[in-house]
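**Q**
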């Protein structure tokens, strides 16, 4: 009987890579716990968490059952905070990988992470900013 990873004996062959836990800069749980425990607080936590996991404005508004403009007006600050947490944590993980901090560097993973760091909705960048 062949081993799980192609070796002739059980336990032979290529070993699985060790799972390295991320070390986030901004803890999402801490950010969420700061928000009030009301109906609006639940909506704010939802918006912040979805943004921190990479959801765009359209997905967040669909999850909350509101239109995009209303979500941006009511929860724009929370969405921005979630995206800041996402970007900071991705940058830290990219640096850990590039420096060889316990994990191999993956070009595909780096490309996917950099895609998440790119602005998703350019109109959001101009909201409330005059130059």
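In the numbering used here, the protein residues as written are 484 to 614. Just so it is clear, CB atoms sit at the ideal spot from N, CA and C, and this is done for glycine as well.
How would you call residue 558, buried or exposed, if buried means at least 16 neighbouring beta carbons within 10 angstroms?
**A** As a first step, residue 558 must be located in the chain shown, where it is residue number 75. Result: buried.
**Q** Cα-Cα, which of 530, 601, 584 is closest to residue 548?
**A** As a working note, residue 548 is residue 65 in the chain shown. Of the candidates 530, 601, 584, the one whose C-alpha sits nearest the C-alpha of residue 548 is 530.
**Q** Just curious, the alpha helix (DSSP H) that residue 561 is in, first and last residue?
**A** Counted from its first residue, the chain shown places residue 561 at position 78. Start and end: 551 to 581.
**Q** Give the range of the alpha helix (DSSP H) segment to which residue 596 is assigned.
**A** Against the chain shown, residue 596 aligns to sequence position 113. From DSSP, the alpha helix (DSSP H) with residue 596 extends over 590 to 600.
**Q** In this structure, does DSSP put residue 509 in helix, strand or coil?
**A** One-based indexing of the chain shown puts residue 509 at position 26. Three-state result, residue 509: coil.
**Q** Would you call residue 524 buried or exposed, if buried means 16 or more other Cβ atoms sit within 10 Å of its Cβ?
**A** By 1-based counting over the chain shown, the position of residue 524 is 41. Exposed, since its Cβ has fewer than 16 Cβ neighbours within 10 Å.
**Q** Let me make sure I understand the geometry here. Which of 509, 560, 510 has the alpha-carbon closest to that of residue 526?
**A** Stepping through the chain shown from its first residue, residue 526 is reached at position 43. Selected option, being the one with the closest Cα: 560.
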